[in-house]
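Taking it in order: structure first as structure tokens, then the write-up.
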């Protein structure tokens, strides 16, 4: 099948997403900009738009990032060029700090000290000022309550104060991945304040569309903004190095604030202003046995065109369980309405979406407790002028479950109850696990498929239904089965260069059986291709959630899916679905919201878009990955109720409505057991209760343990028993693994369990484009309107063997400004290496010609040559090389350098993957 990917339409859809995801918190006649306005833009981040966060969620190589100033200029806005030149000059003298190493980029950049005379002069040219404040975020570290992270720096505060003093109108834009402190910003009384988030490579265009009024803002807050971080009920234990106790239980975000702490809220969940106004009228509402059906009419009562989001919140009776006073259970977004135009919307609220989970002894069920239920309808958690109610006469069990994933450590939790004229709270003990886990696992060991040896059956014969999957799997030896549960990477030569892993056909023998190697690529915001190949950088998860527009997300990810086919990628490692439990979590930008219903619905929409073209997303991190600090060893202690209502609910929606077929577990533990080897999570809840049909994987180099045992990497037996199917990743998935062999001999792992893993993996692979390529039915993609401003080629990445030492000839490589040169290493010995680059230049001795070196997509350092009079000059650095397949990319910032060679020499060998995490665990 031939497909066409129109890059211009892709851009248009991303721009629309950015515009619809921007949340306007304040606007005192400052926006939209008028055609005659000249605008002065302050803040160095105007020159370095944050398209995304860092780490696997943001490392997308792009040809161009359109920043906010770029977008404004393209939209015809008159920019104060003199001020822009001042920023450009200062920026050249104070280069952007890229940091070095994995997760090493600073989360903010030094701000230009602002001379008051500069501000006064700018104010004489223009009446309106835009102040841009930026923050990045990412893996390995959480935000901190300090300047340059969650708080503003002194220079940022000084900038705001001076701009406010001299300008008639001040517009503040927050180019950030998640929430930051607003106290100092609001103290300066900005006339407009907008979260513009991180909008990918087209973020500036979408932002400009809103600022100039081409699009009226329609984004809504996916999180509650409280006055202080300490107002969030999760704050007490967040950041603990060993144990994070979820004592707030189900009262996350607005569930807490709208029930117990309204006065702590600065901006409520679901809030967002428009340039126009809307009326939401309740036309009809009715409840039947399984659902409530609500019909509303939305009318644009203002002077601008725009969209509105109708939100439905349930207020359930407190009953014996205790409930939040507001729980999002439905939403819908209008089309763009002209002034005085109306649209009717129907919102269906399923009873299962308003049920509570009873985790008390012998119950373990989803239940509607008897009493009066209110459905509040409006445009935020705080503003719901319409209500509809119905009564349930007796307790109604919606679904009976088994106790699963419950705590083994005593913990107390908040419980709501009906007090005198108000809902109040107390603390209660959480029900403990009473499950015999070993017995539960043993009872579910499947029957073994008798080994037949090679009968000549290929996987394509299963696809064509000539043979059954059992007949195919019967051919696989113990060694074959041990190989198929190990993904290979990163940068495996079996799949697209620079991607995260290969899975499935990871040995020559498995390939002989007709099993293709499937390909995984980071991440939620677009394909990370460490060899330097350019890809489309998408808006971050928080921005997408802020659109509250499922149809738009589905359309955007259909484009994403087609781009994946063009790059032979089967699984995009996203969407990220963890809950914004605390505003300091470093990966909040990858995730959607503090609310599980919104999270699940938006993830399901993205998956539907990918599935339309036959690729998929790997939903992650399953589950309760809500802290980056010490993430490999943190134990999240949380009640079964909170897990099911908050931290698992989004995943459940993605599985049941989005047909998720690939899931990644976390690095850490939930209730004492690392998720990578958690049977309750990966089998009882996911497969038995939700009906998941697909394959699961660990996070990269994750720890695994048995209950009570120490966690360790490359621990396959407990993973396989839990029905977590693939360990990501191994340097060589085809080698003999003694741990698996010993586990089979000892009986702690059975051949039947490995066959079950294989069936999950192969069942998934049958539906992939990798399988289509294997049988000669490959889809082709023609990309049109992309332009020629990228240095991608169809030349394959060259692999060099690195056995302690190698010298690679680069005599045919010359630096060309803005281009990359990539190659890959097949590493025999992991460890610390000295890398030496030798080059020469005929340019003057004052010339500065830098090369920035990336290993596995991570910046490891920059070398700068001056003119060398044509003589070779060498520079060296020490670097860890921890992956058998390591992609090296050199980025050339200037012309004029003739490369001679690059050399690698082993300094200190490392025996295991601990090298990759040494800095974090130290």
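Residue numbers (our numbering): 562 to 1483. No residue lacks a Cβ here, since even glycine has one placed at the ideal position from N, Cα and C.
Is there a Cβ from chain B that is less than 8 Å from the Cβ of residue i?
i: residue 791; result: Among the chains in the structure shown there is no chain B, since it carries only a single protein chain.
Using C-beta distances below 6 Å, list every residue in its chain close to residue i, excluding the 5 sequence neighbours before and after it, in chain order.
i: residue 1482; result: Unreliable placement is indicated for residue 1482, whose pLDDT of 44 sits below 50; the coordinate value is still reported in the next sentence. Answer for residue 1482: no residue qualifies.
i: residue 996; result: 964
i: residue 1479; result: Note that residue 1479 scores a pLDDT of 48, beneath 50, so its modelled location is shaky; the value from the coordinates is reported in the next line. Excluding positions up to five away in sequence, the list is empty.
i: residue 908; result: 855, 873, 891, 893
i: residue 918; result: 927, 1202, 1205, 1206
i: residue 569; result: 1346
i: residue 1258; result: 1225, 1287, 1289
i: residue 1452; result: 1381, 1413
i: residue 840; result: 860, 862
Cβ atoms of residue j and residue i: under 8 Å apart, would you say?
i: residue 936; j: residue 853; result: yes
i: residue 969; j: residue 906; result: no
i: residue 830; j: residue 785; result: yes
i: residue 705; j: residue 737; result: no
i: residue 715; j: residue 974; result: no
i: residue 1439; j: residue 1467; result: no
i: residue 770; j: residue 1058; result: no
i: residue 753; j: residue 592; result: yes
So residue i is in the beta strand (DSSP E); what residue range does that whole segment cover?
i: residue 1222; result: Neither: residue 1222 is in no beta strand (DSSP E) and is coded neither H nor E.
i: residue 872; result: 870-876
i: residue 957; result: 957-961
i: residue 509; result: Residue numbering for the chain in the displayed model covers 562 to 1483; residue 509 lies beyond these limits and cannot be assessed.
i: residue 1393; result: 1392-1401
i: residue 588; result: 584-588
i: residue 1043; result: Run containing residue 1043: none in the beta strand (DSSP E); it sits in the alpha helix (DSSP H), 1039-1045.
i: residue 1465; result: 1459-1470
i: residue 953; result: 947-953
i: residue 1341; result: 1341-1345
Judging by CA-CA distance, which residue of the options is the nearest neighbour of residue i?
i: residue 621; options: 1466, 991, 1415, 1455; result: 1415
i: residue 630; options: 583, 737, 772; result: 772
i: residue 1131; options: 1377, 1322, 918; result: 1322
i: residue 1091; options: 948, 1386, 740; result: 1386
i: residue 915; options: 960, 647, 1169, 1257; result: 960
i: residue 837; options: 863, 819, 1443; result: 863
i: residue 585; options: 708, 1164, 777; result: 777
i: residue 1513; options: 1348, 1044, 1095; result: The structure shown has nothing for residue 1513, since the chain only spans 562 to 1483.
i: residue 1506; options: 913, 896, 880; result: Examination of residue 1506 is not possible in this model, given that the chain is present from 562 through 1483 alone.
i: residue 1182; options: 1413, 1213, 1170, 1448; result: 1213
i: residue 946; options: 899, 991, 958, 871; result: 871
i: residue 1063; options: 1291, 1119, 1014, 1433; result: 1291
i: residue 1269; options: 1253, 1295, 1252, 1239; result: 1239
i: residue 848; options: 1217, 910, 1143, 1095; result: 910
Leaving out five residues before and five after residue i in sequence, what residues of the same chain have Cβ atoms less than 7 Å from its Cβ?
i: residue 575; result: 761, 763, 1099, 1100, 1117
i: residue 565; result: 1343, 1345
i: residue 552; result: Because the chain in this structure spans residues 562 to 1483, residue 552 falls outside the shown range and cannot be described.
i: residue 1326; result: 1065, 1076, 1077, 1079, 1332
i: residue 1111; result: 1162, 1163, 1166
i: residue 1136; result: 1085, 1102, 1164, 1167, 1178, 1180
i: residue 722; result: 749
i: residue 882; result: 917, 919, 930
From the DSSP output, which residues share a beta bridge with residue i?
i: residue 927; result: 918, 960
i: residue 1382; result: 1451
i: residue 1361; result: 1386
i: residue 848; result: 853
i: residue 1081; result: 1062, 1132
i: residue 603; result: 692
i: residue 1424; result: 1412
i: residue 907; result: 856
i: residue 937; result: 874, 948
Quick one: what's got a C-beta closer than 8 Å to residue i's C-beta in the same chain, skipping five residues either side?
i: residue 903; result: 858, 859, 860, 861
i: residue 1300; result: 1275, 1276, 1277, 1278
i: residue 788; result: 744, 825, 826, 827
Need the endpoints of the alpha helix (DSSP H) that residue i sits in, please.
i: residue 1280; result: 1277-1282
i: residue 1030; result: 1030-1034
i: residue 741; result: Note, residue 741: premise wrong, no alpha helix (DSSP H); not H, not E.
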